[in-house]
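Per the working numbering, the sequence shown starts with residue 6, numbered consecutively.
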Amino acid sequence: MADIIRLLPDHVANQIAAGEVVQRPSSVVKELMENAIDAGATEIQLIIKDGGKTLIQVVDNGKGMSGTDARLSFERHATSKIQKAEDLFNLHTKGFRGEALASIAAIAHVEMLTKTEDDDIGTKIKIEGSKIVTQEVVVAPKGTSMLVKNLFFNIPARRNFLKSDQVEYRHIADEFHRISLAHPQVAFNFYNNGSDVFQLPANDFRKRIVHIFGRKTDEKLVPVEEETQVVKISGYIQKPEFAKKSRGEQFFFANNRFIKSPYLHHAILGAFEGVIRPGTHPGYFLNLEVDPATIDINIHPTKTEVKFDDEHTLYAMLKSTVKHSLGQFNVVPALDFEQ
Ligand code: ADP
Ligand code: MG
Numbered sequence: 006m007a008d009i010i011r012l013l014p015d016h017v018a019n020q021i022a023a024g025e026v027v028q029r030p031s032s033v034v035k036e037l038m039e040n041a042i043d044a045g046a047t048e049i050q051l052i053i054k055d056g057g058k059t060l061i062q063v064v065d066n067g068k069g070m071s072g073t074d075a076r077l078s079f080e081r082h083a084t085s086k087i088q089k090a091e092d093l094f095n096l097h098t099k100g101f102r103g104e105a106l107a108s109i110a111a112i113a114h115v116e117m118l119t120k121t122e123d124d125d126i127g128t129k130i131k132i133e134g135s136k137i138v139t140q141e142v143v144v145a146p147k148g149t150s151m152l153v154k155n156l157f158f159n160i161p162a163r164r165n166f167l168k169s170d171q172v173e174y175r176h177i178a179d180e181f182h183r184i185s186l187a188h189p190q191v192a193f194n195f196y197n198n199g200s201d202v203f204q205l206p207a208n209d210f211r212k213r214i215v216h217i218f219g220r221k222t223d224e225k226l227v228p229v230e231e232e233t234q235v236v237k238i239s240g241y242i243q244k245p246e247f248a249k250k251s252r253g254e255q256f257f258f259a260n261n262r263f264i265k266s267p268y269l270h271h272a273i274l275g276a277f278e279g280v281i282r283p284g285t286h287p288g289y290f291l292n293l294e295v296d297p298a299t300i301d302i303n304i305h306p307t308k309t310e311v312k313f314d315d316e317h318t319l320y321a322m323l324k325s326t327v328k329h330s331l332g333q334f335n336v337v338p339a340l341d342f343e344q
């Protein structure tokens, strides 16, 4: 029989990878905002239209790219963030897979405008379905603007699968909350369909939380602070009386990255046991700082699920620290569940 195995062309491989990286418009928002953070931006603008389906733009004042780098950034596995396998165990950036821009460019119309501090002139690249359409030298401010239009234009099945503009907007807003909470020292602006949703100046963590969730949140917050050799825990829990049936204001950040952890959520529930009604969930905004060598972020392309080396210790520490804060601030009300 004749040989039948072939290497897939790059644009096909990119489209397959895009299926993992880009599930919906909010995935693009996440990747672009994380790139802006990694570029050292102190100001990031997010502009979207129609739930991100027609337009997503992220503008940053970060370090920008040279013309050659700008072009290379759209290649798969092209990254400035890691060089060797060992680097995976010492990550200080959000990105490292070098997949996002290649994936996005495979399934959307993309325009990048970028300039470094040292260059006098910037670069503009248009790329559609993995094909570079134009590359020009242009006048540009320092930093990068990424414009992503018509997501999934070439994959009708994926485009049709998208939810209403409102639902997609909610996902984007969630992503915006996560990233802006993880980086309170960065200023963020968010515009939706031409109207101003958030103007967040650079701030401390508490003020950032209050900016996003409203002034009433301030009085709900109880500080949490603990440092051991394994982890530094900091942030806020909400007082037990504000626990809700619905989930929503639960945030864990591991080394400035939003993570999902049902396991650690359980530790918090344990700490609140007896002071909240069963079936309700307390709000929390907690930062866990661990040695990058003790956390594995590379278990899924979207990197929201991570693996800690010593989960059990972390669980126990989180539970006792939160319990301690509840006790210390004397916020444990006498609840009578019998009534
Ligand atoms: P990763 O972030 O995993 O490295 P990406 O595909 O997201 O992969 O980006 C590829 C490369 O393009 C990055 O490593 C970085 O060097 C460059 N890049 C992307 N976005 C920006 C940006 N906003 N500012 C400066 N450089 C960027
Ligand atoms: Mg990236």
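Cβ atoms here follow ideal geometry from the backbone N, Cα and C, with glycine treated the same way. All values derive from a computational prediction rather than experimental measurement.
Check: Beta-carbon proximity check, Asp43 vs Gly100, cutoff 7 angstroms; Outcome: yes
Check: Own chain partners of Glu80 with C-beta closer than 7 angstroms, once the 5 adjacent residues on each side are dropped; Outcome: Ala107
Check: Distance between Gln204 and Ile132 (C-alpha atoms, nearest Å); Outcome: 30 angstroms
Check: Three-state class that DSSP yields for Ala23 in the structure shown; Outcome: helix
Check: Exposure label - Asn95; buried when at least 16 CB within 10 Å; Outcome: exposed
Check: At least 3 beta-carbon pairs within less than 8 angstroms: the segment 294–301 vs the segment 241–255; Outcome: no
Check: Leu226, buried or exposed, once every other Cβ within 10 Å from all chains shown has been counted against 16; Outcome: buried
Check: Beta-carbon proximity check, Ile217 vs Ala248, cutoff 7 angstroms; Outcome: no
Check: Environment of Ala321 [buried if 16+ CB atoms lie within 10 Å]; Outcome: exposed
Check: Buried versus exposed call for Thr139 [16 or more other C-beta atoms within 10 Å across all chains shown]; Outcome: exposed
Check: Beta carbon of Lys147 nearer than 7 angstroms to that of Gly69; Outcome: yes
Check: With 16 other Cβ atoms within 10 Å as the buried cut-off, status of Arg29; Outcome: buried
Check: Val17, buried or exposed, once every other Cβ within 10 Å from all chains shown has been counted against 16; Outcome: exposed
Check: Beta-carbon gap between Ile112 and Ala75 smaller than 7 angstroms; Outcome: no
Check: Beta-bridge pairing of Asp301 - partner residues as DSSP gives them; Outcome: Lys312
Check: Extent of the continuous beta strand (DSSP E) run through Pro228; Outcome: 226–232
Check: Sequence ranges, beta strand (DSSP E) only - wholly within the segment 128–155, length at least 3; Outcome: 136–143, 148–154
Check: Glu409 and Gly57 closer than 7 angstroms at C-beta; Outcome: Since the first residue of the chain shown is 6 and the last is 344, residue 409 is not available in this structure.
Check: beta-carbon Leu106 near the ligand ADP non-hydrogen atom, thresh 6 angstroms; Outcome: yes
Check: Cβ separation of Gly67 and Thr149, assumed to be a contact under 8 angstroms, to the nearest whole Å; Outcome: 6 angstroms
Check: Closer than 6 angstroms: Arg102 CB and nearest the ligand ADP heavy atom; Outcome: yes
Check: Buried versus exposed call for Ala90 [16 or more other C-beta atoms within 10 Å across all chains shown]; Outcome: exposed
Check: Where Gln344 falls: helix, strand or coil (DSSP); Outcome: Any reading at Gln344 must be qualified, since the residue scores a pLDDT of 46, below 50, and its modelled position is unreliable; the value itself is stated next. DSSP places Gln344 in coil when its eight states are reduced to three.
Check: Cut-off 6 angstroms between Cβ atoms - residues of its own chain near Gly275, not counting five sequence neighbours on either side; Outcome: Lys324
Check: Start and end residues, beta strand (DSSP E) containing Arg262; Outcome: 262–264
Check: Chain-order list of residues whose beta-carbon lies under 7 angstroms from that of Pro287 (same chain, five-residue window excluded); Outcome: Ile242, Gln243, Pro245, Ala248, Ile273, Phe277, Ile281
Check: Check: Lys324 C-beta below 6 angstroms from any heavy atom of the ligand ADP; Outcome: no
Check: In chain order, each beta strand (DSSP E) run of at least 3 residues that lies wholly inside the segment 82–132; Outcome: 114–120
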